[in-house]
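Protein chains in written order, with the working numbering: chain A, 2 to 223; chain B, 2 to 223. The beta-carbon is built from N, C-alpha and C at its ideal position, and this holds for glycine as well. Treat the numbers as computed from the prediction; the structure is a model and nothing was measured. Here is the structure we will look at.
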């Protein structure tokens with residue numbers, strides 16, 4: 002998901018691609034460049050020119066390959082979660098209590114946001130500002146599976162006696178909101194908490210806290 | 002904070018103000034128009050033209066009164082939380098356990114986001130994209146007091162035996178993230194949970210859930 006920058010193919014001169022391998026490579030370089038710029042900035046407010054400059058390619062190629070910036074962002078959103086449903090299903094099917102599955106899921110979510118810190122804001126932008134078709138694709142591929150996952154996991158936890166009955170939407174809002182806030186709100190941390198940069202240690206400590214706090218909130222026994 | 006639209010002063014023709022009362026009123030109408038448009042859209046991606054059109058005033062007045070869109074947004078952010086520090090201090094000073102204060106605070110936070118759903122994203126935008134001066138103002142007036150509030154409340158709860166010792170930053174991230182997500186993520190709810198619009202009932206049910214879940218997470222006894 003985050004290839005080493007040194008592994009990227011050598012940059013060609015800005016301009017149109019000349020061979021089919023270069024076309025494939027240019028397409029990937031634009032996706033990777035957008036990912037890099039948005040991750041560094043922890044923001045999706047980047048221009049097509051910034052993306053093209055980072056990729057060392059002509060900005061017109063973004064229209065050529067993706068039909069524009071929105072198309073590129075949609076492809077990035079879907080690409081980053083291509084194995085998403087399978088991972089959730091695998092966890093659902095595993096032989097553990099619902100409580101243990103929730104714990105593993107929350108830790109995984111914090112790590113996923115560390116890899117793709119802008120992902121939630123990208124979803125929101127597509128759900129709100131893009132075509133109905135794009136919104137439906139993101140909704141069906143990324144939101145619905147997570148909602149279903151929480152619904153099934155709570156059912157299981159009520160049945161196996163580890164969880165209390167709660168609204169899956171409330172669980173969705175609190176977990177995704179808490180994960181996203183570590184990055185969408187990262188600029189606020191230096192004012193309130195003297196944290197200039199979210200690093201691995203902060204992410205891991207937060208995952209630990211969040212898993213424990215959420216599971217205490219969901220536990221069958223008060 | 003959300004005056005009845007029927008209470009607004011009658012619209013004058015678009016153009017420059019002619020009297021000092023009209024100047025004062027035009028300034029307020031621009032602030033109120035920005036608040037309305039961003040609340041309806043649950044997004045801060047609005048243009049100065051949309052704000053001016055809603056206020057039925059000339060777009061040039063945004064520069065005249067606020068020095069531009071960023072100035073208007075900064076004023077709105079500070080205006081909406083002018084009593085913020087006092088409210089937090091009042092709660093800190095009240096004769097209740099830390100657990101009870103946290104519960105009241107969380108319910109108040111969910112209601113505050115219902116009144117000003119875009120506020121957190123506005124903070125982030127100012128903290129990240131505006132001048133160092135604006136960022137410092139928002140940081141000092143809005144982030145630092147909340148961080149201090151959590152720090153003191155946890156200290157009090159550890160002392161009065163109602164709360165366990167946790168990192169105030171983790172509490173800040175989870176509470177603010179969970180509150181913001183109800184609005185920043187509202188467009189996702191129709192896909193996962195068949196919710197088209199966040200209304201008072203949804204906000205109240207969420208406040209109830211969040212207060213209970215967070216307090217169970219923070220309680221001294223597991």
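- Of all residues in the segment 163-181 of chain A, the ones placed with a Cβ closer than 9 Å to any Cβ belonging to chain B are 167, 168, 169, 170, 171, 172, 173, 174, 175, 176, 177, 178, 179, 180, 181, in chain order.
- Under DSSP, residue 220 (chain A) forms a beta bridge with A:164.
- When 8 Å is used as the limit between beta carbons, residue 125 (chain A) is near these residues of chain B: 185, 186, 188, 189, in chain order.
- Assignment of residue 120 (chain B) by DSSP, reduced to helix, strand and coil, places it in the helix class.
- For the pair residue 90 (chain B) and residue 181 (chain B), the CB atoms are not nearer than the 7 Å cut-off.
- Taking a Cβ-Cβ cut-off of 7 Å, residue 65 (chain B) has no neighbours in chain A, whose nearest Cβ is about 26 Å from it.
- The beta carbon of residue 188 (chain B) lies closer than 8 Å to those of 43 in the same chain, with the five residues before and after it left out.
- In the three-state reduction of the DSSP assignment, residue 36 (chain A) falls in the helix class.
- In this structure, residue 77 (chain A) sits near residue 32 (chain A), with a CB-CB distance shorter than 7 Å.
- If you look at residue 94 (chain A), you'll find it in the alpha helix (DSSP H) that goes 85-94.
- Beyond the five residues adjoining it in sequence on each side, residue 150 (chain A) comes within less than 6 Å, by CB distance, of 89 in the same chain, given in chain order.
- Excluding residues up to 5 positions away in sequence, 52, 55, 56 lie with their Cβ nearer than 6 Å to the Cβ of residue 34 (chain A) in the same chain.
- The continuous alpha helix (DSSP H) containing residue 172 (chain A) extends over residues 169-185.
- Straight through space, the alpha carbons of residue 159 (chain A) and residue 98 (chain A) are spaced by roughly 10 Å.
- Bounds of the alpha helix (DSSP H) holding residue 49 (chain B) are 49-56.
- Nearest to residue 167 (chain A) by C-alpha distance, out of A:138, A:219, A:65, A:87, is A:219.
- Neighbourhood of residue 214 (chain B) in chain A, by CB distance below 9 Å: 167, 171, 172, 175, 214, 215, 217, 218, 219, in chain order.
- Taken through DSSP and simplified to helix, strand or coil, residue 197 (chain A) comes out as coil.
- When the five nearest sequence neighbours on each side are left out, no beta carbon in the same chain lies closer than 6 Å to the beta carbon of residue 48 (chain A).
- Below 8 Å, enough C-beta pairs join the segment 192-212 of chain A and the segment 106-119 of chain A to call them touching: three or more.
- With 16 or more other CB atoms across the displayed protein chains lying within 10 angstroms of its CB, residue 140 (chain A) is buried.
- In this model, residue 145 (chain A) and residue 194 (chain B) are separated by some 8 Å (Cα to Cα).
- For residue 45 (chain A), there is no enclosing alpha helix (DSSP H), as DSSP gives it neither H nor E.
- Excluding five sequence positions before and after residue 190 (chain B), the CB atoms of its chain that fall closer than 7 Å to its own CB belong to 196, given in chain order.
- If you draw a straight line from the Cα of residue 72 (chain A) to the Cα of residue 83 (chain A), it is about 16 Å long.
- Annotated as distal: residue 221 (chain B) and residue 179 (chain A), with beta-carbon spacing of 7 Å or more.
- Close to residue 141 (chain A), with beta-carbon spacing below 8 Å, are these residues of chain B in chain order: 192.
- Neighbours of residue 44 (chain B) across chain A, judged by C-beta separation under 7 Å: 129.
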